[in-house]
Every structure is written in structure tokens, then in C-alpha cells.
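full-length UniProt numbering numbers the first residue of the sequence shown as 1 and each following residue consecutively. Every residue gets a Cβ at the ideal spot worked out from N, C-alpha and C, and that includes glycine. For clarity, every value in this text was computed on a predicted model and none was experimentally measured.
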Amino acid sequence: MEPQMKKRKTRMKRNVLPKRLGCLMGQANSHYANGDYEAAITICMELIKFAPHSYEPFQLLGVIYEEKGESRKAFQCNLVAAYLNSSDTDGWLRLAEISIERKEIHQAIKCYTKAIHNEPSNVGFLWERCNLYEQVGDRTRALYGYERILKNFCNPEDSVKCIEMARGISKIHHENGDCVNAAKVLDTAFSKFPSLVTSKDINYLLQLQLSQRMYKAAVKTFVQYCGVKLNMSSGNLLTTDSLNDADEESFKTLNSCIIPEELDLALTVKFLICLIHLKAFNAAQPLMDCLKQENPEKTGYFYLDVADALIEVQEYQEAKSFLFLLISTQSYNLPTVWMKYADCLHVLSNVQEAIQAYHKVLDLAPDVQQARLTLSKIFLAMGRRKEATDILKQKSEDGEFGITVGIDALYERCKLLEAQESWEEYISAASLLQYSHCYYLETEEEFNAAVSSQSFKNRKEILKDLKRQSKKSKPKFTGNQIPVSEMWSIFRKVLDKLMEKTL
């Protein structure tokens, strides 16, 4: 025997008047039609008591109050009716227009939001709400709305408007520092109408993608708009559709690529950098070989970009080859380039060449403390402790002023001198290190001025005057600040050693 099905109770919509009250609503409408507003209002109020969730009494009250010239009451009643009957899009639009007339922009935004909820793809509603967001200065929500509009542009007649809007939105995102969304907006619009994309658009999109390390997306841009073709090891071409599903392992199996002859060198190098970061070295190698045929005097900045990318993925041997070509030129024989070259040699365990390269950095720029620190570590590893200590010495220790002092190198020198018990040099180096915290207290006269002055303002003026008289320029301290506890320990050590000297 089949189980008896339970009858489902039919639920009445809460916003519709029950049948038993329908007659009363009819009477209210009749009184309104005959001009008896007070009787109609009384019946509506009674209906609201019995059916507070029904919109019809509020709707009629809104009409009556409007005709009586009580616009505030009319608006409130119509607003309640709209919330109780939220699917009435026309009602929300009327309320939005009234809100705009009354300069209540935030209320108008809420009304358009309700209308958009009913018709999510209505571009007109989205556009009006964006304009209102702009009026109240809510640029973030306006941008979000514009992006929703872009997604609804599909017809060819909307193409120009879509591309222009995408450019504008992307520019705003870029100005706000949101390069990821700036790139995504352009990509969405360009994919819909690729025939309207210009070379300037492509360059800008690639600039955004590379700045955010969106290398996979950038490769897709090259394939889609620049005519680049990617050959897999299987012999198949990698299409734009298959790029969406490709992971980083897929790029490692790229066998080769075909670059159109008309693609300029700047874009080719950007594509090469993408391949390097995706570790598609089989496809990247021919492009690197071609780049090395270019004159580094004229295109050295491309060499440097490629070398930086190679260093980032720890391909130091290949990076070294580009950097070697650069340091052999007149234009790029610079300390920064030599430093990168020295670092590559160091990682590759070419120790003697690395030492020479770091010394070259210091010849060109004595203030590069990282070169001193690395050299010191190399010498320590080789057991050459004196050289490790000496390379960290800076000119300020010998009384030369007006130069840069590297705090990190000076701190390491202090530790090495302490370990070697070279106290004379330790006192000199440690005293200079103390000055990075309180350079104004250098002489006994300056110290006495600081102790004897009653007010901070007076103390500051006296010390400034003493510094002017000494005609010594303050060294520029660079690097990380040493913890106060460590500085205190060094200070006490210096005092102890100075006391020992006087005994």
C-alpha cells in the first residue's frame, strides 16, 4: 500500500492582502476616486494594522499624500511599499528620481541597487548608479560598477564604448596602485573586441602584467595580439584557449617559439623575460643567443633586464654571460653592474674572480658596504682574518669627514676586532659606530654643553653652534640600525678599554 501523500499547505504571499481584506482595499480605492481622502486614509491605516506586510495600503497612501502636497509623507509611504514589493522595478526607479530631485544621493543609490537586483544586466541602471557613486566620491564602488558594465558589453555596436571605458577604468586602477585589476579590466575588454586593440594598448597591458609578475597572462597577450606561436615538445601549438589551463610545468616543456619579424626588440625582450620566469629555457635559449648579437653599448638596458630575470630564477651562469658583456662596455662599466657580476661569480664558486670583481666595485664606489661585507665573509671562509677585518675599515675611522659610513660593515668590523683583541682599532671603530646614534656629542666641549644646558631648545642651539665652529661635516650613516641593547654593550666595552688605558 502506497503511503498517503501529505497535502502541502499553500502559503499566501505576505505582501499581498488576504481575500477577506480585499473588499476594504476596494472601498479605500473608491473613496480616493471620489476625492474622500480622509476616509481612504482611515481605511488604509486600519488595513496596515491587520496586514502590515501588504504593500497596497502604503502604495495608495503614497498617492494620496502626493496629491495633498505632503511630499515627505508620500515618499516615506512609497518607500515602504517598494520594500514590501521589492520586485517592482518601476517603483524603485521612481523613488530614485525623487531622491535625486531632493538631493538625497545615498538614498537614490539604494533605490538603484534594488532595481539592479531585479535586472542585473541592465546597463542603464548600472551606469546611473556609477554616476551617483562618483557624485558622493565613492570611487571604489563606481569602478566596480563600471567593470560590471564592461562584462555586459557584448554587441559589436558597443565595441568602441567598451574599449574606451576599459582604458579609463584601467588608468584609474593604475593611479590607485591596483595594477592587477588594471590589467584584468583591459584583458576582459580586449578579449571581446580584439580588432580595436592598438600597439599602445598592448604595451600598456604588458607593462601592467609584468609589474605584477603575471607572466602566464603576459604570454597569452603575446600569443593573442602579437602573433607569437608556441611549439610544445609534442609538436602541437599552444593556443590562447589551452594557455588558460596551462600550468607552470606545461611551460617547461615548451620546445620553441616563433617570433614575428615585425615584433620590435623591446617586446621581444619582454617575452623572453616571461619565458625565463616560467623556466621555459628550451624556448628562451635561441632568443638569448639572438640578443647577445645586439650591440650592448646601445641595448645594454635589455641585457640588464634579462640578467636580473636570470638571477631571480637562479640561472647564474647565463646571467654572468650577459653581465660580462655589459662590464666590457664603456656605458655599463658601473658599480651596480659589477656588483651583480661579482655576486654571480661568488655563487658559482669562482672565488678569485669574485674577489677581483668586488674590489672593482669598491674602486668605482667605495661606499658600497655590501661589497665590503661579502668580501669580508669570503676572506673569513679562507682563513684570512686580517684581510676580512681590514676590508671593513672606512675612511671616517681615520678622521675623514663628510663621507658615507656603512653601519652594517662597521658593526661587523667591531665584532672581528673584538675577537682579535685589537683594542686600539676597536675603540676607533666602536666610537664611530656610537656616533650613528648621537653624532652631536663628539667632543668634551659638546658633551659639557649637553649636560649643563637646562632646556632642550637651548641645548640644541649650543650644539649646532659648536658644530658650525668645528667646520666638520656630519657623515651620512647608511644601513640597518643596531639594537640599543647591543649599542649599550659596545659603549660599555669602549669605556672599559679606555679606563684600562688610563690605569
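Looking only at its own chain, which residues have a Cβ that is under 6 angstroms from the Cβ of residue i, when we skip the five neighbours before and after it?
i, result
"D496", "none"
"L287", "L272"
"P3", "Confidence at P3 is low in this model, with a pLDDT of 36, below 50, so its placement is unreliable and no value can be given for it."
"G91", "A82"
"E353", "L345"
"L416", "T389"
"V136", "I105"
"K493", "none"
Taking just the CA atoms, how far does residue j sit from residue i?
i, j, result
"N152", "Y146", "10 angstroms"
"V185", "F58", "44 angstroms"
"W338", "N155", "56 angstroms"
"N255", "E249", "13 angstroms"
"T140", "I41", "44 angstroms"
"K200", "T188", "17 angstroms"
"T299", "H174", "28 angstroms"
"E157", "F193", "11 angstroms"
"H277", "S211", "13 angstroms"
"Y303", "A365", "22 angstroms"
"A381", "A357", "17 angstroms"
"G26", "L95", "25 angstroms"
"V17", "I100", "Per the sequence shown, residue 17 should be read as Leu rather than Val. C-alpha separation (whole angstroms): 31 angstroms."
"P85", "Y55", "A small fix is needed here, since residue 85 is Asn in this sequence, not Pro. Their backbone Cα atoms lie some 6 angstroms apart in a straight line."
Below 8 angstroms on the Cβ atoms is my contact criterion, and I expect residue i with residue j to pass it. Report the Cβ-Cβ distance as a whole number of Å.
i, j, result
"F190", "F222", "With 8 angstroms as the limit, F190 and F222 do not qualify as a contact, their Cβ atoms being about 13 angstroms apart."
"K279", "K252", "5 angstroms"
"Y411", "I482", "6 angstroms"
"C226", "L196", "Going by Cβ atoms, the distance from C226 to L196 rounds to 16 angstroms, so no, they are not a contact pair."
"A430", "I490", "5 angstroms"
"V306", "F322", "6 angstroms"
"I109", "L132", "5 angstroms"
Is DSSP giving residue i helix, strand or coil here?
i, result
"F302", "helix"
"V197", "coil"
"Q4", "Residue confidence for Q4 is low, a pLDDT of 39 falling below 50, so the modelled location carries little weight and cannot support an answer."
"P29", "Here residue 29 turns out to be Asn, not Pro, going by the sequence shown. Helix at N29."
"K252", "helix"
"F456", "helix"
"M499", "helix"
"T329", "coil"
"T404", "strand"
"K13", "With a pLDDT of 49 at K13, under the threshold of 50, the predicted position of this residue should be treated as unreliable, and no value is reported."
"T188", "helix"
"K476", "strand"
"I482", "coil"
"L230", "strand"
"I41", "helix"
"C154", "coil"
"L278", "coil"
"L263", "coil"
"I391", "coil"
"L238", "strand"
Between the Cα of residue i and the Cα atoms of the options, which residue gives the shortest distance?
i, options, result
"N295", "F58, I273, S328", "S328"
"L230", "Q330, A266, A284", "A284"
"T478", "G406, E445, C414, S485", "G406"
"K216", "N181, I259, L275", "L275"
"M232", "C226, Q224, L243", "L243"
"A182", "R167, Y301, D408, A96", "R167"
"L265", "H173, N203, T42", "N203"
"Q370", "Q420, D343, T268", "D343"
"N118", "L93, R459, L325", "L93"
"K395", "G383, A388, T404", "T404"
"F326", "R102, Q314, K340", "First, the residue type needs correcting, since residue 326 is Leu and not Phe in the sequence shown. The candidate whose alpha carbon is nearest that of L326 is K340."
"E209", "L17, V180, A388, T268", "In the sequence as displayed, the identity of residue 209 is Gln instead of Glu. Out of L17, V180, A388, T268, V180 has the C-alpha closest to the C-alpha of Q209."
"I149", "I98, E164, D138", "E164"
"A142", "S170, S159, K161", "S170"
"V351", "L205, P335, I378, N333", "I378"
Looking only at its chain, what residues have a beta carbon closer than 8 angstroms to the beta carbon of residue i, apart from the 5 residues adjacent to it on each side?
i, result
"C77", "F58, Q59, L61, G62, Y65"
"I116", "N122, F125, L126, R129"
"K476", "I403, T404, V405"
"R384", "none"
"Q434", "M487, I490, F491, V494"
Report yes or no: is there a C-beta of chain C within less than 8 angstroms of the C-beta of residue i?
i, result
"L243", "As a matter of chain content, chain C is missing from the structure shown, which is built from one protein chain."
Take residue i and list the residues in its own chain whose beta-carbon comes closer than 7 angstroms to its own, dropping the five residues that flank it on each side.
i, result
"D408", "Q369, L373, G479, N480"
"Y316", "C344, V347, L348"
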